[in-house]
Structures are given as C-alpha cells and as structure tokens.
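Reviewing the structure listed below.
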Amino acid sequence: MDLIETFIVETPNDEVGAKTTRMLIQDTIADLSLTRAIGRLKVYVDPELPLFIFVALLRLGAPSIKVKDFAKVEMGALGKDEVRILVEQETHIGKLQNKLWAKYGKDNIEQPDRKIFIVKTDPFKDMDMLREMVIEEPKQEVLDRLIDAIALRIIPEGFRVRKHELTNDYVIFVASENTLKPEWIAKGKEILDFLRREDHA
Amino acid sequence: MLEPMMYIGGAYKHSQLIELVEDLGGYILQKNIMQSEVVILMLVPINDLTIVETKSKELLGKLTRAPLSGSEIATIAPTLAYHHLPHLDCDVAEFLRKQGAKTNMIGLARGVGKRICEISAFERDLINEHDIAVFILGNYKHCIIEKSKKLYEGIEIPIVVTGAPELNTEEVPNATAYVGSFGRILHHMRHAEELRTLDKLSDVIGKVLDNVRVELAKDPPSVAPPRIKKEIEEQIPDIIDNLHPLPITLQMNGVRVKLPYKEYHEQIENIKFVEGVTMKEVARILPSKMRDFILIKALPKSETGFVI
Numbered sequence: 002m003d004l005i006e007t008f009i010v011e012t013p014n015d016e017v018g019a020k021t022t023r024m025l026i027q028d029t030i031a032d033l034s035l036t037r038a039i040g041r042l043k044v045y046v047d048p049e050l051p052l053f054i055f056v057a058l059l060r061l062g063a064p065s066i067k068v069k070d071f072a073k074v075e076m077g078a079l080g081k082d083e084v085r086i087l088v089e090q091e092t093h094i095g096k097l098q099n100k101l102w103a104k105y106g107k108d109n110i111e112q113p114d115r116k117i118f119i120v121k122t123d124p125f126k127d128m129d130m131l132r133e134m135v136i137e138e139p140k141q142e143v144l145d146r147l148i149d150a151i152a153l154r155i156i157p158e159g160f161r162v163r164k165h166e167l168t169n170d171y172v173i174f175v176a177s178e179n180t181l182k183p184e185w186i187a188k189g190k191e192i193l194d195f196l197r198r199e200d201h202a
Numbered sequence: 059m060l061e062p063m064m065y066i067g068g069a070y071k072h073s074q075l076i077e078l079v080e081d082l083g084g085y086i087l088q089k090n091i092m093q094s095e096v097v098i099l100m101l102v103p104i105n106d107l108t109i110v111e112t113k114s115k116e117l118l119g120k121l122t123r124a125p126l127s128g129s130e131i132a133t134i135a136p137t138l139a140y141h142h143l144p145h146l147d148c149d150v151a152e153f154l155r156k157q158g159a160k161t162n163m164i165g166l167a168r169g170v171g172k173r174i175c176e177i178s179a180f181e182r183d184l185i186n187e188h189d190i191a192v193f194i195l196g197n198y199k200h201c202i203i204e205k206s207k208k209l210y211e212g213i214e215i216p217i218v219v220t221g222a223p224e225l226n227t228e229e230v231p232n233a234t235a236y237v238g239s240f241g242r243i244l245h246h247m248r249h250a251e252e253l254r255t256l257d258k259l260s261d262v263i264g265k266v267l268d269n270v271r272v273e274l275a276k277d278p279p280s281v282a283p284p285r286i287k288k289e290i291e292e293q294i295p296d297i298i299d300n301l302h303p304l305p306i307t308l309q310m311n312g313v314r315v316k317l318p319y320k321e322y323h324e325q326i327e328n329i330k331f332v333e334g335v336t337m338k339e340v341a342r343i344l345p346s347k348m349r350d351f352i353l354i355k356a357l358p359k360s361e362t363g364f365v366i
C-alpha cells in the first residue's frame, strides 16, 4: 500500500464507516493489482445525503505495444502477394499469431519458422497497417480493471445515479441514490484539484 | 428437557455413542464423517448428560454445547452482487453452520440502498419460514438505522443485524439484536480479531435462540421436531434416497422436508405415532416457499390439549 502516496477516506460524523471503507478499498485494489496504477486517492462519503465521491490520480505508464516495436515487417518473396513478419522478441509471438489468425484466417498465415510469419495479402495495401497493428494495450486493461474496482466493487450498490470522468491521468466518480446536485460534481473537481496540488508540492 | 450437543472425535467406535444417546431417549440430528473424523450433532436428555460425557471421554472425543443446533437460520444480504458475496456472507453462514445451525443464504432482489430498498412478499414469506433472520448490512451508522426502519417490515421471526459501527440494539429499529465490527468486508475473515467477532455473533444468536426456546416452552409443541424427523425417516423410505443436503431440516417448532409437496403431503399427514395419533392431528403440513418442499409446523399444546 506504500505506493499510493495519498490515501484519504473522509466521512463526516462516522469514523468507523471511513475506516471500514478504507479497508474495503485496500482489499479491492490489492485483489485487482491496481496498486501501481493509482498515484493518489481520495474518497469522500456522506451517508446522510447520500453521496460517494471517488477521485484518483492515475499512473498508467506502459504505452500500447505495436508490431513494429518487436518485429520487422517486409515484402515477401518476389512476385507473390505476401508480407513477411520477422519477430525479434519471442514473448509477443502468441498474441501476434492470434491477432493475425483473427484478421486473415488460419489459411492465409504460414509459419515456416517459429519467428517468421508469412501473411498472404497485398503488401502494398497492408504493410503499413501491419506495422502499426496494436498487439497489446496494457493501459486499456488497467482502465478496465479500475472501472471494475470502482463501479462494481467499491461504490455501494444502492448508489445508482452516477457520473464519472475518466482520462489517462485521473478518474472522478460521483454517485448517489438521489439526483446528483451540481455542487456535488463541483466537489469532485475540488478534490481532484487538491490531489493535483499534493502532486506538485 | 433436551440439551443440544456436538461431539467431535474419531470415527472409530462412534456408533457406540450414537446407540447410547438413542437408548437414553435423545436424538441424533446430523452425522458428518470426514475421513477419520466424525462430527455428530445431537439432542441429549439433560439429566443423562454425564453418562454421555463419560462415554465421549472414553472414546477420546470432545463434547461441547452447540446452542445453534436444531435451528434453521436465514443469512440475508441486500443482493447477491460482488459487494456482499462471497466473503462476508459465506463466512457468516459457514461459521454458524459449524456451530450446528442449518443456514440458508438469501439475496434480496431490491434490498440495496437506504431510500430505495424494498422486500417483496415472497421474500418475506420465505424468511418467515426460518427461526432467525440475520441481516448482513454495511459500513455506515446512518444507513443501517435508516434501512432498518423499513426493510424488516412483516418479518415476524427474531432479526439479528450485523454492521460496522458499534451500536446498541435499541438504536437499530426493529432489530432483536445487533452485532458490530462487521460491515462490508471484502476479504476472508481469518484474523484473530475477526474470528472473535464471529464468535460474538454466534453467542448473540445462541442467546436469541435460548429466548425463543423459553418462549416455546410456555406453550410447548404437541410433538418435538426431532420426533417428527425420526418418524418420517422410519415411515417414508423415499427420504433415504433424497440427495438434498439435510433432507429433513430441523427447526425450533417444526421441520422442513425436502420432498415435493404434491406427491408426499398425504403420506406425511397420515404418519402414525405409537401414541395413536396421526401427524395431521399434531402438526400443520404446509407447502414451503422454498422450491416445492414441505414445511411441517407442530401445533402448540394449547391447540391440541396434549403433548406426545
């Protein structure tokens, strides 16, 4: 838990509730291995309104992995409609193979060697596209898990009216049982500013 | 007066203990053999307890009081979503089961929220079929109090509520008892402190059940539930092939029989006791809300005028 620099759960007039909620968030974050993805975190709960605000600054890091990052994409044999992909890092072979199979069908992929793929397609049309093809998106995966954690596990179930903002840098979730008031959403923004100030301090 | 007891010991020669209890006029409620260990839940006549204790010492087993045995408890979560399950609810249900109770887990359809929570007529009837309802609520004092005002409407059995804050029972409306230090916990309860909390819960439920027993003793059922169980086992052979867990589940003043109502209710109504009465004279045989099972509720002495 040390990785999260700020971790505050605030509840007016209910310290026990805040403590239990803090434990609940810790459990969820640990379960979904999100510790590294969250930099700073503040939760404000007011059960009397009722209102639940969850704000976090994210540290998503790792960019998406494209074919050109780990393989050479070149023309196939002369006179044939082929693209040759020479993989340099073995770790990605499985995922690349699945992507190619899904896109072109098993019949159109040959694999004479473990690290060589021959794709039967028009090289002039597809070569650039294959270079830029995204094999893995760690960021998206983390965001999916984050939404799972916040929306499906942390925010109490009864809080069904929700508004959220999700970017690569931060997430704001405002939830309530009743219609959301503009000042509640503004409070979410305030908390975000507070966390940002902490970040710069 | 029968005392609910639990015996834990080796499987070797445990049948001697069973025979002894039966000879003394007690009842075996449940027997679980797990590899070489056996756990027996039984009702022992209180005057003969020392004889059973001596026997269990001789067999090198452990005999403890199991106040929850012979009861059916409903553990109720506001819904069956990840917020409540699996950890806390299953922990509570399993812990009570270890103490001898039969627990059923119930997830309400619309039990969430403070303002929007609701309980349907079906759910209410289903819960009322049990001996005790344990409501597992969340973290905030305000929510627990507000929710308690309306969620338990129409529930006639004792209600035990759990939650995070330490409240007095009087502060929680409509509750028979309240146990704190629970709340919405998303991990398996295994730390010493958490296990103590579970112990506290089973103590509280034990006390509530003892009160129910005292109330029942004022106007005792015409036939003891273990007796109903015994007669069904002897007179309806189909129950032996029943694959449901605990095909005859004991309750404080009746039993639940896990056989289809339509096919079997007449057979059960006509069960004969050696005293010369039939089942329908001493008990009500009703269709249960749980699947198509049969619910048998013993009639009180004030209605029949005798106890067998």
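Listed in order, the protein sequences are those of chains Z and R. The opening residue of the first sequence carries number 2 in the working numbering; numbering runs sequentially from there. The opening residue of the second sequence carries number 59 in the working numbering; numbering runs sequentially from there. Backbone N, C-alpha and C define an ideal beta-carbon position, used for all residues, glycine too.
Leaving out five residues before and five after Asn-232 (chain R) in sequence, what residues of the same chain have Cβ atoms less than 6 Å from its Cβ? Ser-206 and Tyr-210
Go through its chain and collect everything with a Cβ distance to Lys-258 (chain R)'s Cβ below 8 Å, but skip five positions before and after it. Val-237 and Ser-239
Given 8 Å, three or more beta-carbon pairs between the segment 106-115 of chain Z and the segment 126-143 of chain Z: no
Ignoring anything shorter than 4 residues or poking outside the segment 187-240 of chain R, list the alpha helix (DSSP H) runs there in chain order. Complete alpha helix (DSSP H) runs here, min 4: 199-209.
What residues are listed by DSSP as bridge partners for Ile-110 (chain Z)? Z:Val-120
Answer yes or no: does any C-beta atom of chain Z fall closer than 8 Å to that of Leu-244 (chain R)? yes
Neighbourhood of Lys-367 (chain R) by C-beta, 8 Å cutoff - its chain only, sequence neighbours within 5 removed: The displayed coordinates of chain R run from 59 to 366. Any statement about residue 367 (chain R) would go beyond what the structure contains.
For the candidate residues Z:Val-17, Z:Ala-19 and Z:Gly-62, whose alpha-carbon lies nearest to that of Arg-37 (chain Z)? Z:Gly-62
Can you tell me the Cα-Cα spacing of Glu-289 (chain R) and Ile-297 (chain R), whole angstroms? When only Cα atoms are considered, Glu-289 (chain R) and Ile-297 (chain R) end up about 11 Å apart.
Please classify Ile-91 (chain R): does DSSP put it in a helix, a strand, or coil? Ile-91 (chain R) falls in the strand class under three-state DSSP.
For Gly-83 (chain R), collect the residues of the same chain with a Cβ closer than 7 Å to its Cβ; drop the 5 residues on either side in sequence, then sort them by chain order. Pro-103
Starting from His-145 (chain R), follow the alpha helix (DSSP H) in both directions and report where the run begins and ends. 145-156
Which class does Ile-354 (chain R) belong to by DSSP, given the choice of helix, strand or coil? strand
Status (buried if at least 16 other CB within 10 Å, exposed otherwise) for Gly-95 (chain Z): Around the Cβ of Gly-95 (chain Z), a 10 Å sphere holds fewer than 16 other Cβ atoms; the residue is exposed.
Within 8 Å of any Cβ in chain B, is that where the Cβ of Thr-36 (chain Z) sits? The structure shown has no chain B; the protein chains it does contain are Z and R.
Residue from R:Pro-216, R:Val-313, R:Leu-143 and R:Phe-351 with nearest C-alpha to Asp-268 (chain R): R:Pro-216
Assuming Lys-338 (chain R) contacts Pro-278 (chain R) under a Cβ cut-off of 8 Å, what Cβ separation, rounded to an integer in Å, is found between them? That pair is no contact at about 19 Å.
Shorter than 8 Å from the beta carbon of Met-2 (chain Z) to some beta carbon of chain R? Any reading at Met-2 (chain Z) needs caution, since the residue's pLDDT is 48, under 50, leaving its predicted position unreliable; the model's value is listed next. So no, Met-2 (chain Z) is outside the interface.
At a cut of 8 Å, does the segment 112-126 of chain Z reach the segment 75-87 of chain Z through at least three beta carbon pairs? Judged by Cβ distances under 8 Å, the segment 112-126 of chain Z makes contact with the segment 75-87 of chain Z, as three or more pairs qualify.
Along the segment 122-154 of chain Z, what residues have a CB closer than 8 Å to any CB found in chain R? Leu-153 and Arg-154
Could you tell me which uninterrupted alpha helix (DSSP H) segments, each at least 4 residues in length, are contained entirely in the segment 27-66 of chain Z, listed from first to last along the chain? none
Chain Z partners of Val-170 (chain R), CB-CB under 7 Å? Glu-158 and Gly-159
Any C-beta of chain R under 8 Å from that of Pro-48 (chain Z): yes
Just the chain R side, please: which residues come within less than 7 Å of Asp-28 (chain Z) by C-beta, in chain order? Leu-244 and His-245
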